[in-house]
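Chemist:
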Amino acid sequence: MMDIKVAYGEKVKAIRKSQNVSQEKLAELAELDRTYISDIENGKRNVSIETVFKIAKALDKPMISFFEF
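Counting along the sequence shown from 1, when you hit position 17 you're at 17 in our numbering, and nothing is skipped either side.
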């Protein structure tokens, strides 16, 4: 069974890197802590829908794009 936290974190990292955005910059844009971004990308956090929205908005992507595995 797929671990959704890991899959979501990998997608965030891939999209962030494809846009040449650092974790620090993403954290700033999404109004989140950089260590929280790191934990998300490493599949260590069970994020809320609000956090998903903040990250999607910060990276200018529709929320659904983070769930296309």
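For every residue, glycine included, the Cβ atom is placed at its ideal position computed from N, Cα and C.
(1) In angstroms with no decimal places, state the Cα-to-Cα distance between Ser65 and Asn42.
(2) With 16 as the cutoff for other CB atoms within 10 Å, does Val6 come out buried or exposed?
(3) Please work out which residues of its chain come closer than 7 Å, Cβ to Cβ, to Val12, disregarding the five sequence neighbours upstream and downstream, and give them in chain order.
(4) Let me confirm a value: Ala27 is counted as buried when at least 16 other C-beta atoms fall within 10 Å, else exposed. Which label applies?
(5) Ala14: buried (16+ other C-beta within 10 angstroms of its C-beta) or exposed?
(6) Mapping DSSP to helix, strand and coil, what is Asp39?
Modeler: The relevant details are as follows:
(1) 18 Å
(2) exposed
(3) Ile40, Glu41, Ile55 and Phe66
(4) buried
(5) exposed
(6) helix
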